[in-house]
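Okay, structure first, notes after.
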Amino acid sequence: MDEMTSTMAQTAAAPDPDDEAERAGIEIRDLYKIFGPDAKRHIAAVKAGMSKDDLNRKHRHVLGLQNINLTMPGGKITVIMGLSGSGKSTLIRHINGLIEPTVGEVLYDGADVCRMSPAELRRFRRLKTAMVFQRFALLPHRTVLENVRYGLDIQGIAHAKSEPMAKHWIERVGLKGFARHYPAQLSGGMQQRVGLARALANDADILLMDEAFSALDPLIRMDMQAILLELQEELHKTIVFITHDLDEALRLGDKIAILRDGALEQVGTGQDIVLGPANDYVASFVRDVNRGRVIRAATIARARKPGEVLPEMTVQGYLVLEKVARRMTNAGATSAHVVGRSGKTLGVIDLPELLGAIVTPVTADSDS
Amino acid sequence: MATTCWGLPEVICTFPAIDTTTMREMRRTIDTGFRGLVREWSDVIDATTAPLQSFLNMLERSFVGAPWVVVLAVLLVVVWAASRNWKTVLGAALAMLAIGWVGLWADTMVTLAMVTVCTIFAVALGLPVGIVTARSDRVQSVVNPVLDVMQTLPSFVYLIPVVVIFGIGKVPGMIAVVIYAVPPMIRLTNLGIRLVDPEVTEAADAFGSSRTQKLVNVQLPLALPTIMTGVNQTIMMSLAMVVVASMVGVGGLGRNVLQAINNQFFTIGFLNGFALVAIAIIFDRTSQAFGKRLQKHREAGHG
Ligand SMILES: Nc1ncnc2c1ncn2[C@@H]1O[C@H](COP(=O)(O)OP(=O)(O)OP(=O)(O)O)[C@@H](O)[C@H]1O
Ligand SMILES: [Mg+2]
């Protein structure tokens, strides 16, 4: 409870960017997961390079994850992306110990989640993690309020205390007035808001979201993404978000990890991945992406020519090209002056190059 | 016989059964051994069944002894509380009045008392067993075949050991009824818990629920519709079985039916039969309406 009030106080004040660094990150090391009765025996073969298909055909074991090394920075959104069956759900379930690895470690705040006793694990789940599910997983016999209160009930917090907290989060996700409704009386989007409120009410540092928005239709989905980003702006939780939608990944992810057949293909920022796909698999993912929403002004700003007068218009370097283009056309400018966070000049953008970067690859290696 | 034997050797033609003297010997040893065992333990058996016996007697006395208006009022209140449906209450009232009018009130009370006790026992026994069965596949693989045997074995067959061990009376009757009525309770509790949406139980785990918290907050409430079907089935099977149990000394409507069969009392047989059907319908409607009422929250629609 003390923890709760202190974070609330922090968030009420202006968010301090240095605050983000205080959140512990999640560190996954040398993680392998094989499904099957005799998993340990096949580890050596998998480490030596046996493929998922071979393992399944020869030994009837399913390779869930292999050689995962991933740091999920505290206070940021890490998106895990991949096709169906690539092991996304398996990976996220290792973080709160719903699945035990065959070998490997999941470190959080100095502790290995995989080595926790059942009691420690329960405590960890109650206080440190919260989860949002693809098909909402609400309790149908409980009202919205009772659902949102669920994690707090499990912790043994008295209703007198938990009810105001639950109500606070119900309002924050925009469901004011629906506290006494049952889940069956709500639309899908509203149900997932309840799922989100339930997770947030726990006030856990880690928020695990397994395809949380995949079951929602596109407009509601954008809504939910906006709500999540808005809340994250002030809460700075360590969020692990799973999706198979690249646009969603690029919109939400501070860091994106791409999985395929249980192995990491590439890890980086959205821009890293769009501009420099590590292999054909990733390239095929990003081929149709809207570059204007991913590439940032700073990336394509050219150096100022000697003696050139800086254009009148300034744009922030972290803005995506789409926004820069809109501002420049609105202002009627043909070139703009790109500045960094501290106001330092980063370079100049000209409108033709800007449009070129939006429609064609900018770097040589993705040109082919 | 040998003529129809198509010229085959005797062993293949007539089944080589144990000869009758060996069979007789075997039967005698087993039967006397069993009886001896029962006699030896009779004190223990009596001691354990005595409280049950007095409980049954007490309940029966209170059902039969109380003025009929009081019993009827209590019954109707229970029906109303469970179903919240005036039609069901009215139907129950008419049925009970008709039963009383044809002079079967006392016998009906005896049967009602018996069915009540048996249902309570069967539910109290079946629910925990069902929960344990749902938690472990190994337990399920043992319990299921046992339930299969309990349900397929003709009830007359297991009445025999029950009578040998407990004699004639209400207690053996009750044991027979409970054995017959408990399998659906166990099966449907097990099934109901296993059918709970795995994503919801996973959510319970993810929020750090203990096993008990998960059971109470998630599994039992979500399995409730199925469990209520189990309770309903258990009641119906208890009612069916009290007729058979009248052969080991259970009174009430069942005994009248038995006597009617033995003496070809056509009218009495039918009246008692209809009384049983009437109670069955009352129980069925009430318990089903109760089950449905527990599911109100599943109805969609804003409001
Ligand atoms: N309990 C299990 N037993 C055996 N194999 C499993 C089990 N759970 C997952 N798998 C296998 O592991 C692989 C990864 O599954 P996972 O559910 O993590 O995929 P996913 O990326 O979440 O897919 P989706 O997008 O469909 O949710 C799949 O091949 C799946 O069949
Ligand atoms: Mg999945």
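Residue numbers (this note's numbering), protein chains in the order written: chain A, 2 to 369; chain B, 14 to 316.
Quick reminder that beta carbons are idealized off the backbone N, C-alpha and C, glycines included.
With 16 other Cβ atoms within 10 Å as the buried cut-off, status of residue i
i	result
ALA15/A	Note that ALA15/A has pLDDT 41, beneath the 50 cutoff, so the model's placement of it is unreliable and the number below is only indicative. Looking at its Cβ environment, which holds fewer than 16 other Cβ atoms inside 10 Å, ALA15/A is exposed.
ASP113/A	exposed
CYS18/B	exposed
LEU317/B	Because chain B is modelled from 14 through 316, residue 317/B falls outside the range shown and cannot be assessed.
ALA10/A	Because the pLDDT of ALA10/A is 40, which lies under 50, any placement of that residue in the model is unreliable, and the number read from its coordinates should be weighed accordingly. When all chains shown are included, ALA10/A counts as exposed.
ASN70/A	exposed
GLY20/B	exposed
ALA60/B	exposed
VAL47/A	buried
VAL24/B	exposed
ASN280/A	exposed
Test item: CB-CB of residue i and residue j under 9 Å
i	j	result
VAL310/A	VAL316/A	no
HIS142/A	LEU204/B	no
GLY293/A	ILE359/A	yes
PHE74/B	GLY143/B	The identity of residue 74/B in the sequence shown is Arg, whereas the question assumes Phe. For ARG74/B and GLY143/B, no; Cβs fall outside 9 Å.
LEU260/A	ILE96/A	no
ARG370/A	THR239/A	This structure gives no information on residue 370/A, because the portion of chain A shown stretches from 2 to 369.
GLN301/B	LYS183/B	no
LEU32/A	VAL107/A	yes
ALA180/A	ALA167/A	yes
LEU138/B	VAL190/B	no
ALA95/B	THR225/B	no
ARG305/A	THR346/A	yes
GLY286/B	VAL261/B	no
VAL244/B	MET187/B	no
GLN156/A	ARG127/A	yes
GLY282/B	ALA273/B	yes
For residue i: DSSP bridge partner residues
i	result
TYR151/A	The partner list for TYR151/A (beta bridge, DSSP) is empty, contrary to what the question assumes.
THR315/A	HIS338/A
ASP351/A	SER336/A
PHE134/A	Answer is none; PHE134/A lacks a bridge partner.
TYR193/B	Answer is none; TYR193/B lacks a bridge partner.
ASP211/A	ILE243/A
ARG288/A	Its beta-bridge partners do not exist; DSSP assigns none.
GLU28/A	THR72/A and LEU108/A
LYS34/A	LEU66/A
GLN267/A	ILE259/A
Test: residue i CB closer than 9 Å to a CB of chain B
i	result
MET166/A	no
ARG116/A	no
ARG194/A	no
ASN331/A	no
GLY88/A	no
GLY357/A	no
PRO312/A	no
PRO307/A	no
ARG175/A	According to the sequence displayed, residue 175/A carries Gly and not Arg. False, the Cβ-Cβ gap to chain B never drops below 9 Å.
GLY111/A	no
HIS142/A	yes
ILE243/A	no
LYS34/A	no
is_contact[residue i, chain A] using C-beta, thresh 9 Å
i	result
SER222/B	yes
VAL213/B	yes
VAL231/B	yes
LEU208/B	no
ASP56/B	no
ASP150/B	no
ASP120/B	no
Beta-carbon contacts of residue i that lie in its chain and below 7 Å, excluding the five residues immediately before and after
i	result
GLN192/A	PHE137, LEU139 and PRO184
VAL115/B	LEU284
ARG94/A	ILE100
SER369/A	The pLDDT assigned to SER369/A is 42, lower than 50, so where the model puts this residue is not dependable, and the model offers no usable value.
Cβ shell of residue i (< 6 Å), same chain only, five flanking positions each side left out
i	result
SER7/A	Reliability of the predicted coordinates at SER7/A is poor, the pLDDT of 42 falling under 50, and the value obtained from them is presented with this limitation in mind. Contacts found: none.
VAL102/B	LEU89, VAL92 and TRP93
ILE243/A	ILE81, LYS89, ILE93, ASP211 and GLU212
ALA332/A	MET314
LEU85/B	MET109
ILE178/B	VAL51
GLY267/B	VAL255, VAL256 and SER259
Other residues of its chain near residue i: CB distance less than 8 Å, five sequence neighbours each side excluded
i	result
ASN230/B	ALA217 and SER222
ARG61/A	GLY37
ASP351/A	ARG303, THR335 and SER336
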